[in-house]
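If you use the numbering used here, the sequence shown closes out at 92, no skipped numbers anywhere.
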Amino acid sequence: MTSSGLERFLASEREKRKPSTHRMLATGVALRGDPSEWTTRCAEVLAGGPEPLSESERDRLRYVLTDSLDERAVIALPFT
Numbered sequence: 013m014t015s016s017g018l019e020r021f022l023a024s025e026r027e028k029r030k031p032s033t034h035r036m037l038a039t040g041v042a043l044r045g046d047p048s049e050w051t052t053r054c055a056e057v058l059a060g061g062p063e064p065l066s067e068s069e070r071d072r073l074r075y076v077l078t079d080s081l082d083e084r085a086v087i088a089l090p091f092t
């Protein structure tokens with residue numbers, strides 16, 4: 013993968029709020045080459061935490077959470 017390809021991939025993961033590759037590059041052990049630039053950059057991203065949610069993202073996640081909890085409540089109702 014090229015550096016620009018990795019940049020795009022890391023940006024995509026960050027937008028999805030799932031920085032798996034950031035975590036791997038920040039904490040993993042390199043088998044080849046010197047990834048110190050990527051290690052430092054990814055560690056800084058992880059230390060900075062996620063960007064704040066937009067209002068629409070927050071509302072969507074609130075709906076998903078509430079809907080999931082409602083579904084669990086229905087499943088947990090005793091049959092009478």
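In this text, a Cβ means the ideal position worked out from N, Cα and C, and glycines have one as well.
Supposed contact pair Leu43 and His34 - C-beta distance, whole angstroms, cut 8 Å: The pair is not a contact, with the Cβ atoms about 18 Å apart (cut-off 8 Å).
C-beta atoms of Leu81 and Leu73 nearer than 9 Å: no
Arg29 Cβ short of 8 Å to the ligand NAP heavy atom set: Looking at this structure, you won't find the ligand NAP or any other ligand, since it has none at all.
Proximal residues to Leu37 (C-beta, below 7 Å), its chain only, five neighbours per side dropped: Pro47, Trp50, Thr51 and Cys54
Cβ neighbours of Val57 in the same chain (closer than 6 Å, five flanking residues each side left out): Sequence-distant Cβ neighbours of Val57 in its own chain, meaning closer than 6 Å and more than five residues away, are His34.
Where the alpha helix (DSSP H) containing Ala23 begins and where it ends: Ser15 to Glu27
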